[in-house]
Amino acid sequence: MRRDGAEWIVGRVETGEFVSFPDIGRRTIDLLAGGGPIDDVAERLNAETGTAVDVADFVTALMGVGFVAEIDGRPMDDTRRERPSLPWLKPRHVRWTLRPAVLAGLVTIFLCGLIALAVRPGIMPSPSIMAWSEFGTVSLVTQIAIAWSLVMLHELAHLCTARAAGVPGRMTLGSRLQFLVVQTDVSGVWGEEKRVRMTVYLAGMTLDAAIMGAGLVGLAIVPPEAGVHTALSIVVLTQIDAMSFQLLVFMRTDLYFVAQDLAGCRNLYGDGAAYGRFLARRAIGRGGVNPLTAFSRRERSAVRSYTLLLVLGTVVCLTVAVTIVIPALAAIALPAIGTLLNGGDGLAVIDAAIVVLVLAGVQGLWGWAWWRRHGPRIKRWFTPAAAEGTEG
Amino acid sequence: KTAADGTVKIEIRRLDRLETTERL
Chain A
12 MRRDGAEWIV GRVETGEFVS FPDIGRRTID LLAGGGPIDD VAERLNAETG
62 TAVDVADFVT ALMGVGFVAE IDGRPMDDTR RERPSLPWLK PRHVRWTLRP
112 AVLAGLVTIF LCGLIALAVR PGIMPSPSIM AWSEFGTVSL VTQIAIAWSL
162 VMLHELAHLC TARAAGVPGR MTLGSRLQFL VVQTDVSGVW GEEKRVRMTV
212 YLAGMTLDAA IMGAGLVGLA IVPPEAGVHT ALSIVVLTQI DAMSFQLLVF
262 MRTDLYFVAQ DLAGCRNLYG DGAAYGRFLA RRAIGRGGVN PLTAFSRRER
312 SAVRSYTLLL VLGTVVCLTV AVTIVIPALA AIALPAIGTL LNGGDGLAVI
362 DAAIVVLVLA GVQGLWGWAW WRRHGPRIKR WFTPAAAEGT EG
Chain B
96 KTAADGTVKI EIRRLDRLET TERL
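Sequence order for the protein chains is A and B.
Our numbering numbers the first residue of the first sequence as 12 and each following residue consecutively.
Our numbering numbers the first residue of the second sequence as 96 and each following residue consecutively.
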């Protein structure tokens, strides 16, 4: 539990469920923790504040987020707790990751890379290096191996810094619009001080920048004809691509969490989406209650700005997917499928099989992650209609 | 915040899940 402006932030580190409420909520929780009946707590609050507080309603809301262990001796269901990733990794193993000296070291490596690039601009690798092999699939598989290794390091940085603060952290596959992502749920850091929160949010990007910096220094030292030069080039380009992705804050990237925290918002994406739906309903004359009415002026302004970014970013991203990405995937996949169906020489068939396997694998994982995130909501949309159809 | 019967309801806001991410 910690104070944040005029409110208290309270939650369960082990489930990542956190809420905010005003001072009266904090006092109510203190009284409830004393074990007294709800009616007694309400009377006590009335005596202290002169206000009739609906304590039962408050308890019900707390039950909804899994904060109530038992009522009248009857235990509540607690199904929200999920197994953390790398449970053997204890806070004492990774406490060093929160030290300022570690951050200073990583930033220094990044700056060394920038200096190397400034002194010798020619070391910046060309994108064509990605197709370094005469065999396309060899280039593709090499790139996947390097990129996925770097992604795991990025997420491990988040997990380790969160674990250092005593937050479990859980790594899973997820989706952001048309992208397949690895995500680490570090919601427990809501309860930590600002320096720790920022360190956890930015741990992945800081490590990305340091690896890129080290890669640039390596490119300045290693002869261009050496094989390791190609690997370093792919690493540098992959990290530039990874860091640029984080700028797309409309799809809840690492920088989104930084912006949300600095703006003092509680759920920038959720509130932005709700405000966008409100504006859409108002545009077609259906009105409704403005979801930002109860917000502070500062938070209202932040959510409005984010809503604009959310709508524009999503439209642009999906437009790129439909007009460029899907046709490009089809252009790669269809000839490969044709080769598999019609046959050909051995190398061509192997090449086609790897292409189809990679594309189908990535798209299949994306579909699975997307359905896991959005499937329950889509099922709810269709359930009432199905019920009506049965009754009719 | 205030119900029709005059009792004050404590407003609770659920916070965003902090899911740091990297694109695969």
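The beta-carbon is built from N, C-alpha and C at its ideal position, and this holds for glycine as well.
Comparing alpha-carbon positions, the option among A:I348, A:T108 and A:G46 lying closest to A80 (chain A) turns out to be A:G46. DSSP places T116 (chain B) in the strand class (E or B) of the three-state scheme. For E28 (chain A), the beta-bridge partners assigned by DSSP are A:R23.
Across the set A:G36, A:V246, A:D356 and A:Q189, the C-alpha of A:Q189 shows the shortest separation from the C-alpha of A332 (chain A). DSSP, reduced to helix, strand and coil, places Q194 (chain A) within a strand of the structure shown. Neighbours of I35 (chain A) across chain B, judged by C-beta separation under 9 Å: V103 and I105. Non-local C-beta neighbours of I343 (chain A) in its own chain, meaning closer than 8 Å and more than five positions away in sequence, comprise V366 and L370, ordered along the chain.
Taking each of A:G287, A:D265, A:R181 and A:D219 in turn and checking the Cα distance to M209 (chain A), the smallest one comes out for A:D265. For S312 (chain A), the three-state secondary structure derived from DSSP is helix.
The beta-carbon separation of L218 (chain A) and L230 (chain A), rounded to 19 Å, does not stay under the 8 Å limit for a contact.
Not one beta carbon of chain B lies nearer than 8 Å to the beta carbon of V246 (chain A).
In the three-state DSSP reduction, R277 (chain A) falls in the coil class, being neither helix nor strand. Looking at the DSSP output, D15 (chain A) sits in a beta bridge with A:E18. The shortest C-alpha to C-alpha distance from V247 (chain A) to any of A:P111, A:M141, A:P48 and A:V373 is the one to A:M141. Look at the segment 316-327 of chain A: it has no residue with a C-beta under 7 Å from a C-beta of chain B. Note that the C-beta distance between G215 (chain A) and E145 (chain A) is not below 8 Å. As a beta-bridge residue in DSSP terms, M182 (chain A) pairs with A:T195.
Linking T330 (chain A) to R187 (chain A) through their CA atoms gives a straight-line distance of about 15 Å. Taking the Cβ atoms as the reference, T241 (chain A) lies roughly 14 Å from A158 (chain A), outside the contact range of under 8 Å. Under the Cβ criterion of 8 Å, L191 (chain A) is counted among the residues facing chain B. W201 (chain A) belongs to the set of residues whose beta carbon lies under 8 Å from a beta carbon in chain B. Within chain B, no residue has its beta carbon less than 8 Å from that of A129 (chain A); the closest one is some 27 Å off.
For P234 (chain A), no pairing in a beta bridge is given by DSSP. Contact with chain B is found for S31 (chain A), since one of that chain's Cβ atoms lies less than 8 Å from the residue's Cβ. Here P302 (chain A) has D282, A285, Y286 and F289 as same chain residues with Cβ atoms under 8 Å from its own Cβ, once five neighbours each way along the sequence are excluded. At a cut-off of 8 Å, the C-beta of E204 (chain A) has no neighbouring C-beta in chain B. Residue environment for F256 (chain A): buried (at least 16 other C-beta atoms within 10 angstroms of its C-beta). Here W143 (chain A) has S150 and T241 as same chain residues with Cβ atoms under 6 Å from its own Cβ, once five neighbours each way along the sequence are excluded.
Contact between A237 (chain A) and A274 (chain A) does not hold, since their C-beta atoms are separated by about 47 Å, which reaches or exceeds 8 Å.
Annotated three-state conformation of R94 (chain A) is coil, per DSSP.
Close CB contacts of E93 (chain A) within its chain, under the 7 Å cut and outside five residues either way in sequence, are with R181 (chain order). Put simply, of A:F29, A:W19, A:R23 and A:E25 the residue whose alpha carbon is nearest the alpha carbon of N278 (chain A) is A:F29. Take the alpha-carbon of L170 (chain A) and the one of Y280 (chain A): they are about 22 Å apart.
Ranking A:A380, A:L345, A:G375 and A:Q374 by CA distance to the CA of A363 (chain A) puts A:L345 first. Pairing P132 (chain A) with V197 (chain A), the inter-Cα distance amounts to about 38 Å.
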